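Enquirer: Have a look at this one.
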Amino acid sequence: MCNKLPQQITTTNYDKLSSLKQQSFISPKIQYGWILYSKSLYMSRVNIICGPFLKDNLTIQSVAASSIVTLYFTDLGQQVSWTTVFLAEYTGPLLIYLLFYLRIPYIYDMKESSRRLCHPVVHLACFCHCIHYIRYLLETLFVHKVSAGHTPLKNLIKSCAFYWGFTSWIAYYINHPRYTPPSFGYRQVAVSAINFLICEAGNHFINVVLAHPNHTGNNACFPSPNYNPFTWMFFLVSCPNYTYEIGSWISFTIMTQTLPVGIFTLLMSIQMSLWAQKKHKIYLKKFNSYMHRKSAMIPFIL
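At position 136 of the sequence shown the residue is numbered 135 (this note's numbering), and the sequence of numbers has no breaks.
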């Protein structure tokens, strides 16, 4: 449904669209039909369009081609905050993996589970998996600054289905009583575990830098490395958080030597490479003189 925005709302050239949207919900001068419609919606469901969708932080002056501009509102459907999406998609894997690790009844054969002791790599894999998603949850709450406030409910469902489904598949095989340890034994496990923890630490420090970028006047600067060695990856790639993320999952794949983890790592690598290339193009437009020597995600390759 798409209706014309009521003309009774008063505004100035410097008002932001977020305030215009707010007025459409509370103005006493708005037509009766609009009030019946708008009262059934949350503000996050409504977006203002003038051709393409417009961001709430734009001013009226920036979208007006003449003294008269016609704006429309549209119902975006059920919306949820990005914070809710991240918390849901990361809490699920944390709890699901623990259920398989504890070998609760009806998942595995109880007699076989009681006879077979877990290989040490199973305990280490659980520790690493929990560390990964606990870090995600803490960064969502205390580090990340979400730019877009809301997203359609279907995105939450898709994200949860992907993460929860793959976690169930991964955890089932790693914690199975007949799980086969890595081919090269403890050396393979130790090296990959150390690399996993290094990548997790690097990912965290990169996210902290991205959450507190440098600013010069009104123009944001490209995040720059500091005294922390983990941030020096910015010298080589424009999206080092994805580099470290893929490094973590490659290490986890080698450490556990299971097919489900390998498939998950492959899919995540493809998705993150697309995100990295998209961000890299944006950085090239803004910081062309500084970015031309950098790769998007993998140094000297991608």
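Every residue gets a Cβ at the ideal spot worked out from N, C-alpha and C, and that includes glycine.
Keep in mind that this is a model prediction, so the values were computed, not measured.
#1: Can you list, in chain order, the residues of its chain whose CB lies under 8 Å from that of M267, leaving out five sequence neighbours each side?
#2: State the beta-bridge partners of T150 as determined by DSSP.
#3: Quick check on the DSSP output: the alpha helix (DSSP H) that includes H122 runs from which residue to which?
#4: What separation, rounded to the nearest whole angstrom, lies between the Cα atoms of K293 and T264?
#5: Give the DSSP bridge partners of S272, in chain order.
#6: Could you check if Y96 is buried or exposed, using at least 16 other CB atoms within 10 Å of its CB as the buried criterion?
#7: Between N194 and I281, what straight-line distance do the alpha-carbon atoms span, to the nearest angstrom?
#8: Out of F85, T242, T252, F251, point me to the one whose CA is closest to W163's CA.
#9: Between M296 and the rest of its own chain, which residues show a CB-CB distance below 7 Å, the 5 nearest in sequence each way excluded?
#10: Please state whether DSSP places G32 in a helix, a strand or coil.
#11: Would you mind sorting K38 into buried or exposed? The rule is 16 or more other CB atoms within 10 Å of its CB.
#12: Starting from S223, follow the alpha helix (DSSP H) in both directions and report where the run begins and ends.
#13: Give me the Cβ distance between Y132 and P181, rounded to the nearest whole Å; I'm assuming they're in contact under 8 Å.
#14: Taking only three categories from DSSP, how would you classify S39?
#15: Using CA atoms only, rank isn't needed, just tell me which of Y185, I300, I262 is closest to P165.
#16: In terms of alpha-carbon separation, which member of L301, S223, T82 lies closest to L155?
#17: Helix, strand or coil for P92? Go by DSSP, reduced to three states.
#18: For Y105, which of helix, strand or coil comes out of DSSP?
#19: Taking the alpha helix (DSSP H) that F286 falls in, what are its first and last residues?
#20: M232: buried (16+ other C-beta within 10 angstroms of its C-beta) or exposed?
#21: When burial is assigned at 16 or more other CB atoms within 10 Å of the CB, is P228 buried or exposed?
#22: Please report the distance separating the alpha-carbon of C159 from that of G184.
#23: Going by Cα to Cα distance, which pick from S80, F234, H211, I253 is closest to V121?
#24: Could you round the C-beta distance between F234 and N174 to whole angstroms and report it? I think they count as a contact, below 8 Å.
#25: Roughly how many whole angstroms lie between the Cα atoms of L101 and T90?
Expert: Quick answer:
#1: E244, I245, W248.
#2: V79
#3: 119 to 141
#4: 24 Å
#5: None, per the DSSP bridge assignment.
#6: buried
#7: 30 Å
#8: F85
#9: V236, C238, Y241, T242, M271, S272, A275
#10: Model confidence at G32 stands at a pLDDT of 36, short of 50, so the residue's coordinates are unreliable; what they give is reported in the following sentence. Helix at G32.
#11: Low confidence applies here, because K38 scores a pLDDT of 44, under 50, leaving its location unreliable; read the following figure in that light. Exposed: under 16 other Cβ atoms inside 10 Å.
#12: Where S223 is concerned, there is no enclosing alpha helix (DSSP H), given that its DSSP letter is neither H nor E.
#13: Contact flag wrong, Cβ pair sits at about 22 Å.
#14: Low local confidence applies: a pLDDT of 47 at S39 is under 50, so the model's placement there is unreliable, with the coordinate-based value given in what follows. Three-state result, S39: coil.
#15: In the sequence as displayed, the identity of residue 165 is Phe instead of Pro. Selected option, being the one with the closest Cα: I262.
#16: T82
#17: helix
#18: Coil at Y105, not helix or strand.
#19: Premise fails: F286 is in no alpha helix (DSSP H) and is neither H nor E.
#20: buried
#21: exposed
#22: 34 Å
#23: I253
#24: So it is not a contact: roughly 40 Å between Cβ atoms.
#25: 17 Å
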